[in-house]
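Just below is one structure, and these are the notes that go with it.
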Amino acid sequence: MDTLTSVTTDGDPDQTADATTGWQPPTWEQVVRENSDRVYRLAYRLTGNRADAEDLTQEVFVRVFRSLSSYAPGTFEGWLHRITTNLFLDGQRRKKRIRFDALGPAAERVPATGEAGSPERRYEHENLDTDIQAALDGLKPQYRAAVVLCDIEGLSYEEIGATLGISMGTVRSRIHRGRAQLRKVLAHRAPGAPDGGLLVGPGPEHDAPAATTPVLSPVSPGGAG
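Quick note, the sequence shown lines up with residues 3 to 227 if you use this note's numbering.
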């Protein structure tokens, strides 16, 4: 499901959207089933940890449910990218303003008792390049978002500009600065390599660890309206 050509008028994805063509929008179950993995993967790359990725994914689909009535025809996947990234950046700005978390984000990376031997932890170690994720976590949120969208999600500069609401010049600047910082941090991986051994692009080596629980039940958030 890459595109939606029309939408409901009241935010209910189960009702007919276009009486002239007979086209019906996907059900809420379809939206969740066909897009939850994609949204969670992007959320994990942006947040850097499973718990925040699950929370962000939940927030994204609640926002999608509330916004279906105002969705303009276009690329549905791009719409999801925009919502996910903007919610992440909004959350980072709120955290920066509040500054009340004495433990900081590093606390979220401390394994709980017995977690190191859990299936989830083994999957994470076997399938996630921890060096790259740690380097991404060290970037400023706006640089991290640009690099993830470009080098992992595969978006063009034009698509990134539309997703983040910034100019092409700003897109290029953020990607350039983000990559430069990544190369510096990752230089130990491949001394002398022009990119510091940074491997980017979609593929198994960039898979996010599986969520510990279903990120979203495939049912309409009836109370979210």
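Don't be surprised by glycine CBs; every beta carbon is placed ideally from N, CA and C.
Does DSSP put residue i in a helix, in a strand, or in coil?
i             : result
glutamate 56  : helix
lysine 142    : coil
asparagine 37 : helix
glycine 167   : coil
leucine 188   : coil
glutamate 117 : Note that glutamate 117 scores 41 on pLDDT, short of 50, meaning its location in the model is unreliable and no value can be drawn from it.
aspartate 175 : First, the residue type needs correcting, since residue 175 is serine and not aspartate in the sequence shown. Residue state, collapsed to three classes: helix.
asparagine 88 : helix
serine 1      : Absent from the model: residue 1. The displayed extent of the chain is 3 to 227, so no value can be given.
For residue i, count the other beta carbons within 10 Å of its own beta carbon; 16 or more makes it buried, fewer makes it exposed. Which is it?
i             : result
leucine 105   : Summary for leucine 105: the model assigns pLDDT 37, below 50, so the residue's position carries little reliability; its value from the coordinates is reported in the next sentence. Exposed, by the Cβ-count rule.
arginine 96   : exposed
histidine 190 : exposed
glycine 50    : buried
glycine 167   : exposed
glycine 227   : Note that glycine 227 scores a pLDDT of 48, beneath 50, so its modelled location is shaky; the value from the coordinates is reported in the next line. Label assigned to glycine 227: exposed.
alanine 136   : exposed
alanine 53    : exposed
threonine 59  : buried
glutamate 56  : buried
Between residue i and chain D, is any beta-carbon pair separated by less than 8 Å?
i           : result
alanine 148 : Annotation note: the requested chain D is absent from the structure, which comprises a single protein chain.
Original post:
Below 8 Å, can you find three or more Cβ-Cβ pairs linking the stretch 83 to 92 to the stretch 130 to 147?
Top reply: yes
**OP:** Mind the definition here: the stretch 145 to 157 touches the stretch 170 to 183 only if three or more C-beta pairs lie below 8 Å; say whether that holds.
**Re:** yes
Original post:
Counting pairs of Cβ atoms below 8 Å between the stretch 54 to 72 and the stretch 157 to 172, do you hit three or more?
Top reply: no
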